[in-house]
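Colleague:
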Amino acid sequence: MDILHNQLAVVQRQLAFVATDPIDWKFYVQVFSWSVCLFESYLVVRQYPLYSKPAPPQVLSAHFDQEAFQKSQQYGKDKAKFALISGLYKQAVDSLILHFGFYAWSWNVAGNIITKFGYTSEYEITQSIAFVVVLFLISSLPTLPVSLYQTFVLEEKHGFNKTTPLLFFTDLIKGWAIGFAIGTPFLGGFLYVFKWAGDRFVPWLMAFLITFQMTMVFLYPTVIQPLFNKLSPLPEGELKSRIESLAKELQFPLKHLYEIDGSKRSSHSNAYFFGLPWSKHIVIFDTLIKQSNAGEVEAILAHELGHWYYMHPSKMLVVSQFHIFTILALFPAFMHAPLFLRAFDFSKEVAAQPPTILAFLLFQMILTPLEAVVGIGMNAVSRKFEYEADRFACELQDKIKTEDAKDLSDRLGKALIAIHVKNLSTVWVDWLYSAYHHSHPTLTERLKALEEYKSTASKKEL
Ligand SMILES: [Zn+2]
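Under my numbering, the first residue of the sequence shown is numbered 71, with each subsequent residue one higher.
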């Protein structure tokens, strides 16, 4: 532990200027956040002309009829326009909130609220929770019309929206209630670790965050998801027996197999698994089952089991721990720096003893450009995993050598095409836009890779 803390102290000395130099941090945050927003707008501008291409790429031409292709181009065009305008709007709102010192204002409001309940500003954690609630309400109300437009105009126009205004609002309220129920103890615990561990918080906070993540992995599918969707056991039949035998061949510890009513809200389709290492659950969207035959859904699950086989979720968890560690290692320099808070309009009294939540929130804003770069890196890793999982599905017939595993690669290709056609996914993609936004390779890239895996597999046989 001491080695760790010595290393962290070196980082802190490098960043000592944060506490001593009067830097116009607010101005930098404005510049950073506008740069990221304008870069994202530039990406949309690069991508936009591709929605006017008259025909799909060569590999897809046999699978997309002209009507489906035109529909996907139109959907892409509308989504791009929406992304451009809503992105600029959200950035403008954030920028105004920052400019007019709403963070400092919210902190004072939170102070007034807790005073009404008989608490003084001595109760930092209580005030922090009230602050987050106030700030959340201020910043989420202006974006509410944006999500309403997205659901009831944009998605509706292209036939995806299945939600009603009533369902939309009950979802919203439920979401807020759950956020409050989970967020409050989380934030309380998070801030308590700082108080308790002092400047040696890094390893303790890492432990706290991992425990929280693990709890969520367990709570989300068992408690939270059922509040929004109905999971019912997959009925007996070809699909069920195919998946069960596939899981058995691979020694995947399948406990339950569910069908989820994703179609209640949207007709986008999917499948996923979750659970503890020794007991896993697979969930398939009813929309996927409807649009593809049993063999094709099996191929999608072969891909999902590839993620499990190569331990992709655990690897992602390790990568995200490194990410969190870096953030926490840099944070102490910003923790006890009154000048840092003063730059964001906080009063002398508040800044003299910076509340941890404020320092952490403002510190996160400084990281915006770094986070954009990290996002690109994470996407690259995720795309690599997608290729690996596709390859796993293709090579499965070598591994288990049963009749069932034959032509999995063709079935996977067909299922992927069906998902893309049904979801009207974009087929022409600008490389830079894709690197920034996409965690999955494009359909064209995946089909090309599937062909390659198939040809290397058949060479092996010869
Ligand atoms: Zn995948």
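Glycine included, C-beta positions come from ideal geometry on N, C-alpha and C.
1. Here's the rule: buried if 16 or more other CB atoms are within 10 angstroms of the residue's CB, otherwise exposed. What is Ala-403?
2. Tell me whether Phe-187 counts as near ligand 1, meaning its Cβ is closer than 8 Å to at least one heavy atom of that ligand.
3. Can you determine whether any heavy atom of ligand 1 sits closer than 8 Å to the C-beta of Glu-456, and answer yes or no?
4. Val-451 lies in the alpha helix (DSSP H); which residues open and close that run?
5. Taking buried to mean at least 16 other C-beta atoms within 10 Å of its own C-beta, is Leu-74 buried or exposed?
6. Could you tell me if Gln-423 is buried or exposed, where buried requires 16 or more neighbouring beta carbons within 10 angstroms of its beta carbon?
7. Here's a check: name, in chain order, each residue in its chain whose Cβ is nearer than 8 Å to the Cβ of Ala-174, leaving out the five neighbours to either side.
8. For His-393, is the beta carbon positioned less than 8 Å from some heavy atom of ligand 1?
9. Using a Cβ-Cβ cutoff of less than 8 Å, which residues in the same chain neighbour Leu-537 once the five nearest sequence positions on both sides are dropped?
10. With burial defined as no fewer than 16 other Cβ atoms inside 10 Å of the residue's Cβ, what is the status of Met-381: buried or exposed?
11. Looking at ligand 1, does it come within less than 8 Å of His-490, judged from the CB to the closest heavy atom?
12. On the three-state DSSP scale, how would you describe His-507?
13. For Gly-229, which three-state DSSP category applies?
14. Counting only the same chain and skipping the five closest in sequence on each side, list residues whose C-beta sits under 6 Å from that of Ser-156.
15. May I ask which residues mark the beginning and end of the beta strand (DSSP E) holding Ala-125?
16. Determine the direct distance from the alpha carbon of Asp-72 to that of Thr-213, and round the result to whole angstroms.
17. Compare the Cα-Cα distances from Leu-205 to each of Gly-171, Glu-225, Thr-185 and Thr-221 and report the closest residue.
18. Residue range of the alpha helix (DSSP H) that Glu-368 falls in?
19. Between the alpha carbons of Ala-125 and Gln-136, how many angstroms are there, rounded?
20. Report the option in Asn-363, Leu-261 and Tyr-523 whose CA atom is closest to the CA atom of Met-405.
21. Between Asp-460, His-508, Lys-469 and Asp-468, which lies nearest to Ala-519 when the distance is taken from Cα to Cα?
22. Can you grab the Cα-Cα spacing for the pair Gln-84 / Phe-433, in whole Å?
23. Please state whether DSSP places Pro-296 in a helix, a strand or coil.
24. Among residues of its own chain, excluding the 5 on either side of Ala-399, which ones have a beta-carbon nearer than 7 Å to its beta-carbon?
25. To which residues does DSSP link Phe-343 through a beta bridge?
26. Kindly confirm or deny that the region 437-457 and the region 502-511 touch, where touching means at least three C-beta pairs closer than 8 Å.
27. Can you give me the start and stop residues for the alpha helix (DSSP H) that Glu-419 sits inside?
28. Using a Cβ-Cβ cutoff of less than 6 Å, which residues in the same chain neighbour Ile-330 once the five nearest sequence positions on both sides are dropped?
29. Please report how far the alpha carbon of Leu-497 lies from the alpha carbon of Thr-512, in whole angstroms.
Modeller: In short, the structure shows the following:
1. buried
2. no
3. yes
4. 438-470
5. exposed
6. exposed
7. Phe-414, Asp-415, Phe-416, Ser-417 and Val-420
8. no
9. Residue 537 lies beyond the residue range present for the chain, which begins at 71 and ends at 532; the question has no answer from this structure.
10. exposed
11. no
12. helix
13. coil
14. Val-216
15. From DSSP, Ala-125 is part of no beta strand (DSSP E); its letter is neither H nor E.
16. 46 Å
17. Gly-171
18. 364-379
19. 8 Å
20. Leu-261
21. Asp-460
22. 16 Å
23. helix
24. Leu-78, Val-81 and Val-272
25. Ile-352
26. yes
27. 418-422
28. Asn-299, Leu-301, Val-353 and Phe-355
29. The sequence as given places Val at residue 497; Leu does not occur at that position. Going by the C-alpha atoms only, they are around 7 Å apart.
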